[in-house]
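Undergrad: The sequence shown begins at 29 in my numbering and counts up by one.
We put the CB at the ideal spot given by N, CA and C, even for glycine.
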Amino acid sequence: MRVGQPINNEFQRTFCSVFSLTLQKDDTLLILLDRMSKYFNGSLFLITILISVNIALSESDGADENPVVEDRTTGALDFIVQTCSSLGNCQSLTTGLVVDNNWRGVYYNLCYDPKKCDKIPTVSEYQNLFGLTVSPSKTSLTLKYVPTAPGPRIYLTTGPGTDSYQMVYLLNREISFDVDLSTVGCGLNAAFFFVGMDADGGKAKFGYKGPVYGTGYCDAQVAQGNKPNCYELDIIESNSLTTLLATHTCKAANNCEPTGCGFMPYPLGNKNFYGRGSSYCVDTTKPFTDTGNLKEIQRIYKQNGKTIPNPTVAGNFNSISDAFCSYTGQNNLGGISASMTQGLKNGMVLTMGLWGDLKNPNFMGWLDKPPNGPCPVYTNLTPSVTFSNVKFGPIGSTA
């Protein structure tokens with residue numbers, strides 16, 4: 029993921045002729061990472077990962093309608109996720125939401141330094157300064173675009189009053205969630221992704237203040253300043269015009285693949301697959317659902333009990349695999365199977381954001397302008413994204 033900075037710091041196949049979709053709210057978009065075999069310490073092992081993503085693109089949980097506004101200083105906002113043991117057998121788990129220290133630094137100068145940040149925002153400050161609200165049910169969060177501090181990164185912690193990020197282990201597990209990004213237009217990126225941050229927010233390694241203060245961020249982009257390299261798995265980097273699924277692997281500390289290996293229907297020849305309106309296979313003004321594997325990462329769209337495959341592109345590929353990465357010249361440090369596994373075994377931190385620059389339509393060109401997308405064709409001056417109903421559990425338990 030190409031990470032934004034705080035403002036003051038500077039394919040055409042005829043797939044749609046076969047499948048014409050009107051996707052409904054309960055349809056499920058699944059991202060399945062499955063069946064990777066390799067030798068490890070002399071043993072052959074099989075890895076199966078399912079990431080199930082319920083995506084609701086036009087209906088929200090009402091996170092904006094009745095935001096929680098009372099102030100408190102427990103270190104994070106309450107956010108309820110579900111932990112599942114089998115289908116229909118899920119329990120609520122109260123976790124927390126914190127904002128990255130660098131975005132706190134827009135308002136509180138000390139917070140640009142992860143060793144000195146001393147500001148814990150109140151609930152009203154989260155809403156007014158960073159655009160983050162949580163629904164009364166605490167199962168849905170909304171991020172509004174805030175011009176003074178665009179693109180704050182939000183992290184999942186183990187809960188208010190604790191000082192640890194919630195580590196998510198994706199091997200042989202799955203995650204599902206809903207997202208409404210119907211108002212997210214050109215120049216913006218609604219992102220839901222995982223990075224290989226340390227659970228303690230860099231306390232032990234770097235002397236940082238810790239998760240309560242939103243420290244320790246890393247990703248696969250070039251290491252700079254206080255931000256090292258680490259594994260990155262982009263579940264969605266999207267607006268309502270274009271979408272990207274990508275892996276970013278690492279060989280060693282600070283030796284990660286910034287470009288990664290990504291699947292984007294538009295530049296791969298399927299320009300009628302994803303976009304705004306009924307002329308697209310996937311109409312992003314309406315809800316839809318997505319799935320895939322560590323040998324191969326697929327997207328399978330499901331609607332009304334039917335399974336619709338991801339579009340097939342040049343080379344006869346419809347998923348991310350070692351062969352796809354090689355064919356498209358996205359080497360990704362040797363592909364996805366050998367090098368992404370360790371990052372998933374280590375555990376990763378869920379990160380969410382809405383970033384971009386409404387004043388600069390070229391800012392997100394790598395995502396949505398030709399040859400990667402159709403922009404500029406739709407903009408919205410008051411965009412927001414809502415993530416809700418997050419569930420974790422064994423494969424088959426959350427969708």
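Which residues mark the beginning and the end of the beta strand (DSSP E) in which residue 350 is found?
TA: Looking at the DSSP string, residue 350 is not in any beta strand (DSSP E); the run it does join, the alpha helix (DSSP H), is 350–355.
Undergrad: How many Å lie between residue 299 and residue 378 at the Cα?
TA: Near 30 Å, if we compare the C-alpha coordinates of residue 378 and residue 299.
Undergrad: At which residues does the beta strand (DSSP E) containing residue 345 begin and terminate?
TA: Segment: none, residue 345 is in no beta strand (DSSP E) and carries neither H nor E.
Undergrad: Would you decide whether residue 175 is buried or exposed? Buried here means 16 or more other CB atoms lie within 10 Å of its CB.
TA: Result: exposed.
Undergrad: Can you tell me the Cβ-Cβ gap for residue 205 and residue 425, rounded? I've got them flagged as a contact below 8 Å.
TA: Their Cβ separation, rounded to whole angstroms, is 14 Å, which puts residue 205 and residue 425 out of contact at 8 Å.
Undergrad: Check residue 81 in the structure and name its three-state DSSP category.
TA: Reliability fails at residue 81, whose pLDDT of 39 lies under 50, so the model's placement of it is uncertain and no value is given.
Undergrad: Using a Cβ-Cβ cutoff of less than 7 Å, which residues in the same chain neighbour residue 385 once the five nearest sequence positions on both sides are dropped?
TA: Only 178, 215, 391 meet the Cβ criterion.
Undergrad: Which first and last residues belong to the beta strand (DSSP E) in which residue 378 is found?
TA: Counting along the chain, the beta strand (DSSP E) containing residue 378 begins and ends at 376–384.
Undergrad: Check the DSSP bridge columns for residue 421 and list the partner residues they point to.
TA: Paired residue(s): 202.
Undergrad: Touching or not, the segment 187–204 and the segment 238–246, by the rule of three or more beta carbon pairs under 8 Å?
TA: The answer is yes - the segment 238–246 touches the segment 187–204, with three or more Cβ pairs under 8 Å.
Undergrad: Looking only at DSSP bridge pairs, what is residue 263 linked to?
TA: Beta-bridge pairing links residue 263 to no other residue.
Undergrad: For residue 427, which of 247, 201, 126, 380 has the nearest alpha-carbon?
TA: Closest by alpha carbon: 201.
Undergrad: Is there contact here, the segment 286–293 with the segment 266–278, by at least three beta-carbon pairs under 8 Å?
TA: As far as the Cβ criterion goes, the segment 286–293 touches the segment 266–278, which means the pair count is three or higher.
Undergrad: Residue range of the alpha helix (DSSP H) that residue 154 falls in?
TA: Unbroken alpha helix (DSSP H) run through residue 154: 151–158.
Undergrad: Determine whether the beta carbon atoms of residue 222 and residue 169 lie at a separation below 8 Å.
TA: Going by C-beta atoms, residue 222 is not nearer than 8 Å to residue 169.
Undergrad: Would you mind sorting residue 338 into buried or exposed? The rule is 16 or more other CB atoms within 10 Å of its CB.
TA: Residue 338 should be labelled buried.
Undergrad: Which value, in whole angstroms, describes the spacing of the CA atoms of residue 412 and residue 212?
TA: Going from the Cα of residue 412 to the Cα of residue 212 covers about 6 Å.
Undergrad: Would you identify the three-state DSSP class for residue 145, choosing helix, strand or coil?
TA: Coil, per DSSP.
Undergrad: I'd like the span of the beta strand (DSSP E) that includes residue 274, first residue to last.
TA: Residues 271–276.
Undergrad: Could you tell me the alpha carbon to alpha carbon distance between residue 96 and residue 155, rounded to whole angstroms?
TA: Model confidence at residue 96 stands at a pLDDT of 46, short of 50, so the residue's coordinates are unreliable and nothing is read from them.
Undergrad: What's the gap between the Cα of residue 63 and the Cα of residue 349?
TA: Low confidence applies to residue 63: its pLDDT is 34, below 50, so where it sits in the model is not reliable enough to give any reading.
Undergrad: Helix, strand or coil for residue 397? Go by DSSP, reduced to three states.
TA: Coil at residue 397, not helix or strand.
Undergrad: From the DSSP output, read off the bridge partner residues of residue 257.
TA: According to DSSP, which records beta bridges pairwise, residue 257 is partnered with 247.
Undergrad: Going straight from the alpha carbon of residue 232 to that of residue 249, what length do you get?
TA: Answer to the nearest angstrom: the Cα atoms are 22 Å apart.
Undergrad: In three-state DSSP terms, what is residue 136?
TA: Reduced to three states, the DSSP call for residue 136 is coil.
Undergrad: Select from 197, 389, 122 the residue whose C-alpha is nearest the C-alpha of residue 409.
TA: The candidate whose alpha carbon is nearest that of residue 409 is 389.
Undergrad: What does the Cβ neighbour count give for residue 421, buried or exposed, with the cut at 16 atoms within 10 Å?
TA: Residue 421 comes out buried.
Undergrad: With distance defined between alpha-carbon atoms, name the residue in 325, 186, 370, 306 nearest to residue 224.
TA: Closest by alpha carbon: 370.
Undergrad: Measure from the alpha carbon of residue 142 to the alpha carbon of each residue in 128, 173, 112, 294, then state which is nearest.
TA: It is 128 whose Cα lies nearest to the Cα of residue 142.
Undergrad: What would DSSP say about residue 268, mapped onto helix, strand or coil?
TA: Note: residue 268 maps to coil in three-state DSSP.
Undergrad: What is the rounded straight-line gap between the Cα of residue 135 and the Cα of residue 195?
TA: Distance between the alpha carbons of residue 135 and residue 195: 28 Å.
Undergrad: Mind checking whether residue 110 and residue 419 have CB atoms under 8 Å apart?
TA: A contact, by the Cβ cut-off of 8 Å.
Undergrad: Under 8 Å between the Cβ atoms of residue 123 and residue 184?
TA: Yes, Cβ-Cβ distance for residue 123 and residue 184 is below 8 Å.
Undergrad: When we look at the beta-carbon of residue 405 and count the other beta-carbons within 10 Å, is it buried (16 or more) or exposed?
TA: Under this definition residue 405 is an exposed residue.
Undergrad: Straight-line CA distance for residue 291 to residue 376?
TA: Whole-angstrom Cα-Cα distance: 21 Å.
Undergrad: From residue 199 to residue 313, what does the alpha carbon distance come to, in whole angstroms?
TA: Roughly 32 Å between the two C-alpha positions.
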